[in-house]
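J.:
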Amino acid sequence: MAIIVKFDPSKCQGYANCLIEAPEIWDFDEDNDVALLIQDVVPDSLRVKAEASARGCPAHAITVENQSDA
Amino acid sequence: MRNVVVVGASLAGVNAIEGLRERGFMGQITLVGAEHHLPYDRPPLSKEALTDGVEAGRLALRPAAWYEEQGVTLRLGEPARALDPATKRLWLDSGEQLDFDGLVVATGSSARRFAHRLCGDPARLCQLRTLDDAQRLRDQLEPGHRLVVLGAGFIGLEVAATARTLGLEVTVIDVATSPLARVLGEAGGWFSELHTAQGVDIRCGTSVDRIEPRSGGGVIVRSPGRDTLKADLFLESVGATPAVDWLIGSGLALQDGVVCGPDLRTSHPDIVAAGDVARWHNELFGESMRVEHWTNAVEQGRHAAGALLGERESYRSIPYFWTDQFAAKARFVGRADAADDIVVERGDDSAVILFGRDGRLRGALCINAPRRLARCRLAIRDGMSWADAASDLATCA
Ligand SMILES: Cc1cc2nc3c(=O)[nH]c(=O)nc-3n(C[C@H](O)[C@H](O)[C@H](O)COP(=O)(O)OP(=O)(O)OC[C@H]3O[C@@H](n4cnc5c(N)ncnc54)[C@H](O)[C@@H]3O)c2cc1C
Ligand code: SF4
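Protein chains in written order, with numbering that gives the first Met the number 0: chain A, 0 to 69; chain B, 0 to 396.
Now the structure itself:
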């Protein structure tokens with residue numbers, strides 16, 4: 000089952016914690032100091048990393064859902 | 000296990016609760032905290048909360064309803080005073096006894112005090128650890144006034160930057176030869192330049208030997224061999240110590256924190272520790288460490304919950320920390336101390352500083368360079384050699 004990563008750029012404060020936790024899912028716009036979500040539908044193999052990036056975000060800008068609940 | 004008590008109502012404690020419930024723990028959970036507030040986030044206290052307002056609601060880690068949803072009994076404003084691991088009991092300040100099957104120690108750290116001994120009226124000195132401290136500090140941040148900060152650590156420098164941005168005159172005093180010297184060694188000079196360029200008076204290599212109350216409020220600060228400063232406001236920011244007073248004499252192993260094995264269990268199998276208070280053996284670095292960083296409290300809280308429920312995995316982590324000062328967003332991964340090998344690469348308003356020891360890359364400080372940070376973290380995890388790291392740095396410059 001795939002999972003869906005939701006990102007609210009308006010909450011993002013540029014901490015880059017997400018990028019640290021899951022470089023497969025995130026990139027970073029260094030000019031505007033905001034995270035970039037490169038994959039919003041993520042295979043189950045990246046679940047642990049996706050979840051770590053969500054809880055590692057001090058600004059609560061990231062949530063992770065199962066695709067079936069969406 | 001049917002009844003878990005979590006002592007310390009803050010980041011590590013809340014994440015331990017979340018970790019317990021996510022693993023299907025259905026028993027009773029009691030959260031004991033010394034402060035009256037619901038658990039809140041500390042990093043903003045030295046940054047935006049000082050400009051935008053210290054509001055318990057906005058800083059809350061979880062909404063009030065969350066505790067009810069999770070079935071958590073809150074005992075806030077009630078510090079734990081003593082513990083008996085053998086009989087699995089603890090006592091609150093009021094004398095009340097709580098029994099437990101499992102205990103999470105998450106009492107964090109408290110601001111170290113040094114300057115109050117030098118001052119006839121210590122009530123005039125501020126420190127910054129709690130929301131109440133931040134409220135008190137913010138109430139006194141008046142543009143045009145002079146703030147003297149003792150201690151050029153991360154928190155002291157953040158407050159200096161915030162206060163300067165608000166229009167105060169700011170002086171920072173530290174005994175070391177550069178800011179953040181304990182961690183960054185010479186590389187701390189970068190922060191000295193940053194602050195000086197913004198008009199902060201950085202005085203390194205000196206200390207404070209007397210602080211005298213001034214009749215109109217504030218204090219007079221005397222430093223050996225330097226001119227005397229009149230301060231409207233004095234912030235003491237000389238580091239933190241693990242909050243273990245309540246455990247002294249309990250028999251739980253303590254040594255600059257609560258001593259834990261690699262899986263975060265303490266010397267007693269049904270007691271785990273997490274966050275600023277926990278000293279554990281981090282197998283990734285092959286050393287015992289205690290980490291006072293936000294992300295560590297989140298991840299250790301969750302890991303400790305697993306350990307309490309019988310999981311035996313080691314907690315292996317690469318410490319991660321961020322600090323915002325003026326326009327500089329500095330992020331640090333790994334380990335560093337002044338004794339490491341250091342290479343510095345500077346851009347216009349960015350910098351990457353690498354720390355190595357025994358031929359291996361151990362840590363990296365990236366200022367305004369988040370992508371590089373992510374690369375460095377992988378390199379540390381993969382055990383990149385120091386020579387490769389240094390040449391990699393040169394090629395991507
Ligand atoms: C001003 C400030 C700025 C910071 N900025 C950053 C930053 O930018 N980046 C970063 O990574 N980290 C930062 N940190 C560090 C980060 O906030 C801490 O690492 C984190 O709060 C640790 O969480 P904790 O739950 O382990 O402990 P704490 O947050 O210290 O909480 C421990 C709680 O336990 C309570 N307690 C203590 N003793 C008892 C007792 N006997 N009984 C009951 N309760 C007790 C305390 O009152 C406290 O509420 C900052 C810290 C401060 C103070
Ligand atoms: S961790 Fe959160 S705040 Fe930080 S960059 Fe990622 S999304 Fe933004």
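Even for Gly, the Cβ is constructed at its ideal location relative to N, Cα and C.
With a threshold of 7 Å (Cβ to nearest heavy atom), would R365(B) be considered close to ligand 2?
T.: According to the sequence displayed, residue 365(B) carries Cys and not Arg. No, since every heavy atom of ligand 2 falls outside the 7 Å radius drawn around the Cβ of C365(B).
J.: Could you pull out every residue in the same chain whose Cβ sits closer than 7 Å to the Cβ of P42(A), ignoring the five residues on either side in sequence?
T.: The answer, listed in chain order, is A1.
J.: Give a yes or no on whether the C-beta atoms belonging to A388(B) and A373(B) are separated by under 8 Å.
T.: No, the pair does not count as a contact, with Cβ atoms beyond the cut-off.
J.: Could you have a look at R1(B) and say whether DSSP puts it in helix, strand or coil?
T.: Coil.
J.: According to DSSP, V6(B) sits in a beta bridge with which residue or residues?
T.: BP columns for V6(B) point to V31(B), V104(B).
J.: Using a Cβ cut-off of 9 Å, pull out every chain B residue sitting near I77(A), in sequence order please.
T.: No information on residue 77(A) is available, as it lies outside the stretch 0 to 69 that chain A covers here.
J.: Following a CB-centred definition, is G13(A) positioned closer than 7 Å to any heavy atom of ligand 2?
T.: Yes, ligand 2 has a heavy atom inside 7 Å of this Cβ.
J.: Output the distance between the C-alpha atoms of A186(B) and C11(A), rounded to the nearest integer angstrom.
T.: Approximately 29 Å between the Cα atoms of the pair.
J.: Just confirm the distance between the C-beta atoms of P369(B) and F27(A), as a whole number of angstroms; I'd bet it's less than 8 Å.
T.: About 5 Å; that satisfies the 8 Å criterion.
J.: For G285(B), is the classification buried or exposed, using 16 other Cβ atoms within 10 angstroms of its Cβ as the cut-off for buried?
T.: Exposed is the call here.
J.: Grab me the residues of H35(B)'s own chain with a C-beta within less than 6 Å of its C-beta, minus the 5 sequence neighbours each way, in chain order.
T.: Cβ neighbours of H35(B) beyond the five flanking positions: L75, G76.
J.: When Cβ atoms are compared, which residues of the stretch 272–298 of chain B fall closer than 9 Å to chain A?
T.: So the close ones are W293, T294, V297, E298.
J.: I need the straight-line Cα distance from R128(B) to P8(A), nearest angstrom please.
T.: Each residue's Cα considered, the two are about 30 Å apart.
J.: With DSSP as the reference, label K5(A) as helix, strand or coil.
T.: Three-state result, K5(A): strand.
J.: I want to see whether chain B comes within less than 8 Å of A15(A), judged by CB atoms only; does it?
T.: Closer than 8 Å: yes.
J.: Check whether the Cβ atoms of A105(B) and V218(B) sit closer than 8 Å, and answer yes or no.
T.: Against a cut-off of 8 Å, the Cβ pair of V218(B) and A105(B) comes out as no contact.
J.: Does the Cβ of I37(A) lie closer than 7 Å to at least one heavy atom of ligand 4?
T.: Looking at this structure, you won't find ligand 4 anywhere; what it does contain is ligand 1 and ligand 2.
J.: Within 8 Å of any Cβ in chain B, is that where the Cβ of E29(A) sits?
T.: By this cut-off, E29(A) is an interface position.
J.: Considering only the beta carbon of each residue, do K229(B) and R112(B) sit closer than 8 Å?
T.: No, Cβ-Cβ distance for K229(B) and R112(B) is not below 8 Å.
J.: Using 8 Å for Cβ pairs, my map puts V169(B) next to D120(B). What's the rounded Cβ distance?
T.: Actually they do not touch by this definition, with Cβ atoms about 22 Å apart.
J.: Between the stretch 32–61 of chain A and chain D, which residues of the former have CB atoms less than 9 Å from a CB of the latter, in chain order?
T.: Given the protein chain composition of this structure (A and B), no chain D is represented.
J.: Figure out for me which residue from G333(B), T161(B), D357(B) has the closest Cα to the Cα of R376(B).
T.: For R376(B), the nearest C-alpha among the options comes from G333(B).
J.: Among the candidates F6(A), A15(A), V4(A), I3(A), whose CA atom is the shortest distance from the CA of K328(B)?
T.: Per the Cα distances, A15(A).
J.: Per DSSP, what are the beta-bridge partners of Y14(A) in this structure?
T.: Paired residue(s): none; Y14(A) is not in a bridge.
J.: Sorry if obvious, but does the Cβ on L401(B) come closer than 7 Å to a heavy atom of ligand 1?
T.: Residue numbering for chain B in the displayed model covers 0 to 396; residue 401(B) lies beyond these limits and cannot be assessed.
J.: Once the 5 residues before and after R225(B) are set aside, which same chain residues still bring their CB inside 8 Å of it?
T.: Taken in chain order, the residues that qualify are R202, T205.
J.: Going by beta carbon distance, what residues of the same chain come within less than 7 Å of A133(B), once the five residues before and after it are set aside?
T.: Here the set comprises L44, A48, L49, V53, L127.
J.: Cutting at 6 Å between CB atoms, please list the residues of its own chain near G101(B), excluding the five before and the five after it.
T.: Closer than 6 Å at Cβ, skipping near neighbours: M0, V3, D269, L307.
J.: My output table needs one value for A69(A): the three-state DSSP class, helix, strand or coil.
T.: Note that A69(A) has pLDDT 43, beneath the 50 cutoff, so the model's placement of it is unreliable and no number is given.
J.: For P8(A), which residues in chain B fall below 9 Å Cβ to Cβ?
T.: None at all; the shortest Cβ gap to chain B is about 15 Å.
J.: Quick check: is the beta carbon of A396(B) nearer than 8 Å to any beta carbon in chain A?
T.: In this prediction, A396(B) has a pLDDT of 45, which is less than 50 and means its spatial position is unreliable; nothing more can be read from the coordinates.
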